[in-house]
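Residue numbers (this note's numbering): 178 to 401.
We treat Cβ as the ideally placed atom computed from N, Cα and C, and that holds for glycine.
Report on one structure; see the data block that follows.
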């Protein structure tokens, strides 16, 4: 099963999420982020259900309306778990057949959603970890996920994890995955530390290639 944490940064306009689960390649199935909105479809996951949520967001619906659109589009919604975080709100839904511990929790600029968790404290710990952390949005998301793992994680051992953060203009600031590992969150955190110093130069390549640093500089440890 799965637990996820969406977060936003009002200062930069970035929004994104981190996710972990006890099966391979969760980043290919759970969560989608566009400027201003993150949606989750998990438990008995159907990635196609991200699209009704994003369409509702594009049509101007709030977080509750986004989740409602996903529930309406779902087959057997009692097996589904949905979440939506926008720059102004958050909402979640957990079907009656999702396995305990399960549900959602909101905090300042974040939303945690999970099922088949090892303890009821996992979701509050994720929110508290995000709220207490500082630095890049990705760093705060990973802090929340690691706090959730420490508070009980899932009932089964984690196997994969991912983190995605998008910029207000649609570029991805970060898109990293650990698809098969005994320690996916720790591996993702290590990969993130290697990536973050290079994120800004790669964004500059997309936005202003004439001003971008050379490959040798980007591949080094240029500060972000």
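Query                                                                                                                                                        : Result
Is residue 304 closer than 8 Å to residue 291 when the C-beta atoms are compared?                                                                            : no
Taking 7 Å as the cut-off, is the CB of residue 290 close to at least one heavy atom of the ligand HEM?                                                      : The ligand HEM is not among the ligands present in this structure, which contains no ligands whatsoever.
Taking the alpha-carbon positions, what's the residue 301 to residue 338 distance?                                                                           : 19 Å
Which of the three DSSP states, helix, strand or coil, is assigned to residue 188?                                                                           : coil
Tell me, which residues are paired with residue 352 by DSSP?                                                                                                 : 341
Can the beta-carbon of residue 204 be found closer than 8 Å to that of residue 196?                                                                          : yes
Does residue 218 come out as helix, strand or coil in the three-state DSSP assignment?                                                                       : strand
Buried or exposed for residue 185, please, with buried defined as at least 16 other CB atoms from any protein chain shown within 10 angstroms of its CB.     : buried
Taking C-alpha atoms, which residue in 222, 265, 270, 262 lies nearest to residue 245?                                                                       : 270
Count the C-beta pairs between the region 283 to 290 and the region 247 to 264 that are closer than 8 Å, then say yes if the count reaches three, no if not. : yes
Which one of 352, 294, 388 has the shortest CA to CA distance from residue 192?                                                                              : 352
One question on the structure: do residue 368 and residue 329 come within less than 8 Å of each other, judged by their Cβ atoms?                             : no
List the residues that DSSP assigns as beta-bridge partners of residue 194.                                                                                  : 183, 341
Look at the alpha carbon of residue 179 and the alpha carbon of residue 323, and state the distance between them as a whole number of angstroms.             : 14 Å
Mark residue 387 as exposed unless 16 or more other C-beta atoms lie within 10 angstroms of its C-beta, in which case mark it buried.                        : exposed
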